[in-house]
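Written below as structure tokens is the structure these notes are about.
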Amino acid sequence: MTGIVVIGAGHAAVQLADSLRAGGYSGRLSILSAENELPYQRPPLSKDYLTGDDPRPLPLRGPDFYRERDVDLRVGTAVTEIDPDGRRLECADGTTLAYTELVLATGSRNRVLEVPGAHGSGVHYLRNTTDATDLHSELGRAATAVVVGAGFIGLEFAAAATRRGIAVTVVEAGPRPLLRALAEPTTDRLIAEHQRAGVTFRFDTTIAEIERSDHRVTAVICSDDERIAADLVVVGIGAEPVTELGSASGLRIGNGIQVDEYLRTSDEHIWAIGDCAEFPCVHARARVRRESVQNAVDHARTLARTLTGTPAVYQDLPWFWSHQGACKIQIAGVSGEVERTVIPADSSGKFSTWCFRNDVLVAVESVNQPAVHSAARKALSSPRKPTYSELSKADFDLQCLVRPQGGFA
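In full-length UniProt numbering, the protein residues as written are 1 to 409.
Structural data, given as structure tokens:
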């Protein structure tokens, strides 16, 4: 008996199972996970999980979900080989499984810091519950921490650690944090917020060595020879897609497993969704790979429509969020190389950065302004985006433009 098999058990895989059943698919449906836990939420691992006294992963769905929807969830089941011609796959435990359609939702893995002293206890990454549990156990004994990389994971950890009274230094190779994700005015404000909370930044700096004594981390040595004391180090220098199974199966690989606008790979019966997939993004006007819950979930919903008989092109608006201490950051759209940014005056400390290209709104980056974010998602999902002229005349109030009479609803 064949059916749909999904490799991976993150947000994309679980949402696909839910959407397939909701869409009327009644055939065999299997999810294969190399991890031993029930599928769980990853974003809290760098936030609430680290600040709680009794950290436990939050399941994506309860155990009843899989039973009630007749989903064959196999945890601790690593796939070792795919046979595209025979439409079969082999698992590390010796079992084989046939498929009608195969979906790769294999996710991404952390990039590894390769400097002397970087391998061993005291150097942490955040990707799964084991990583987060190990880090949580050390936080209670740490007075100082160094974060390598000022991306979302690094800054979320920095905010969580400072709340626990740990002195945190963030070392970033670039000139500012979140260089490719946020416009400069937004990052300038975030730097100030983190500094007020006690975080120290070192920009345009890399790590040359991690110093140890009796196998314990004691400091990091920067490329300019600065020595920064550290009881532990957290590395967040990006992620790379997990593509080995796809590559070994002859699929086209770029910055991820390459798919078309329907999320189909170069094999007509294999699809890829979520962090591992490189897809044509209509909003970026380029092939991209995105690591976000929104992308994973919307990939899954789109693919479910195709697999249940209504082919659908993926064109959902990208959006993202990050909690960093008192700052709830919400991003709608794709800023990329913007030509103009505006932050309307606001004495409350809440703000949004409006990003324009060719005088058309392409992204809105909001901090503690959820209503603006919600309106931005609606406006940016419209076929015609607001212009700088329209927004300036409306005092940058999207609410009046997203109503039906405004033409963006």
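Every residue gets a Cβ at the ideal spot worked out from N, C-alpha and C, and that includes glycine.
| Item | Value |
| --- | --- |
| Could you give the first and the last residue of the continuous beta strand (DSSP E) run that contains S374? | No beta strand (DSSP E) contains S374, which is instead part of the alpha helix (DSSP H) from 370–380. |
| Report the residue from F356, R88, L179 whose alpha carbon sits nearest the alpha carbon of residue 428. | Look at the range of the chain in this structure, 1 to 409, and you will see that residue 428 is not part of it. |
| Just to confirm the assignment, what range does the beta strand (DSSP E) spanning residue 461 have? | The chain is shown only over 1 to 409; residue 461 falls outside these bounds and no answer can be derived. |
| Give a yes or no on contact between the stretch 261–281 and the stretch 93–110, applying the rule of three or more CB pairs nearer than 8 Å. | yes |
| By DSSP, does A160 sit in helix, in strand, or in coil? | helix |
| Going by C-alpha distance, which of T205, T130, D188 is nearest T353? | D188 |
| For my contact list, A17 and V5 are in at a C-beta cut-off of 8 Å; report their separation, rounded to the angstrom. | That belief does not hold up - the Cβ atoms of A17 and V5 are roughly 11 Å apart, past 8 Å. |
| Counting C-beta neighbours from all protein chains within 10 Å, is the total for Q195 16 or more, i.e. buried, or is it exposed? | exposed |
| What are the start and end residues of the beta strand (DSSP E) that includes F320? | 319–324 |
| Based on Cα-Cα distance, which residue from A286, S335, C281, R285 lies nearest to D298? | C281 |
| For A150, which residues from the same chain have a beta carbon less than 6 Å from its beta carbon, with the 5 sequence-adjacent residues on both sides left out? | V170, E172, P177 |
| Quick check: the Cα distance between R61 and P39, rounded to an integer number of angstroms? | 7 Å |
| Report the option in E390, V242, D359, A375 whose CA atom is closest to the CA atom of Q399. | A375 |
| Am I right that A230 and A145 are in contact with their C-beta atoms under 8 Å? What's the rounded C-beta distance? | 6 Å |
| Looking at V338 and F320, is the spacing between their C-beta atoms short of 8 Å? | no |
| Span of the alpha helix (DSSP H) holding I273? | From DSSP, I273 is part of no alpha helix (DSSP H); its letter is neither H nor E. |
| Look at the alpha carbon of S30 and the alpha carbon of G23, and state the distance between them as a whole number of angstroms. | 16 Å |
| State yes or no: is the C-beta of V242 within less than 8 Å of the C-beta of G107? | yes |
| DSSP on H124, reduced to helix/strand/coil? | strand |
| Which residues in the same chain have their Cβ closer than 7 Å to the Cβ of Y125, if we skip the five residues on either side of it in sequence? | N110, D131, V235 |
| Under the assumption that H283 contacts V364 (Cβ atoms under 8 Å), give the Cβ distance between them as a whole number of angstroms. | Rounded, the Cβ-Cβ distance is 13 Å, inconsistent with contact. |
| Does the ligand COA have even one heavy atom less than 7 Å from the beta-carbon of R74? | No copy of the ligand COA appears in this structure; indeed no ligand is present at all. |
| Would A143 and A78 be called neighbours here (beta carbons separated by less than 8 Å)? | no |
| Could you check where the beta strand (DSSP E) with R69 kicks off and where it finishes? | First-last for R69: undefined, no H or E at that position. |
| Could you tell me which uninterrupted beta strand (DSSP E) segments, each at least 3 residues in length, are contained entirely in the stretch 204–239, listed from first to last along the chain? | 207–213, 216–222, 227–229, 232–235 |
| Please name the residue in G254, Y66, A158 whose C-alpha comes closest to that of V14. | Y66 |
| Would V123 and V217 be called neighbours here (beta carbons separated by less than 8 Å)? | yes |
| By the DSSP assignment, the alpha helix (DSSP H) with N36 in it spans what residues? | Careful: N36 lies outside any alpha helix (DSSP H) and carries neither H nor E. |
| With 16 as the cutoff for other CB atoms within 10 Å, does V199 come out buried or exposed? | buried |
| Contact defined as beta carbons within less than 8 Å: I believe A302 pairs with Y25. What is the distance between those atoms, to the nearest angstrom? | Per the sequence shown, residue 302 should be read as Thr rather than Ala. Wrong, their Cβ atoms sit about 14 Å apart, outside the cutoff. |
| Thinking C-alpha only, which one of D397, Q315, S292 is nearest I343? | D397 |
| Between I329, G256, E37, which lies nearest to A9 when the distance is taken from Cα to Cα? | E37 |
| Quick one: residues in its chain with C-beta nearer than 6 Å to the C-beta of L182, no 5 flanking neighbours on either side, listed in chain order? | E365 |
| Have a look at D85 and G336 and give me their C-alpha separation to the nearest angstrom. | 40 Å |
| In the DSSP output, which residue or residues are listed as bridge partners for residue 412? | For residue 412 there is no data in the structure shown, the boundaries of the chain being 1 and 409. |
| Under 8 Å by Cβ, that's how I've got E278 and G254 pegged, so tell me the actual separation to the nearest angstrom. | 5 Å |
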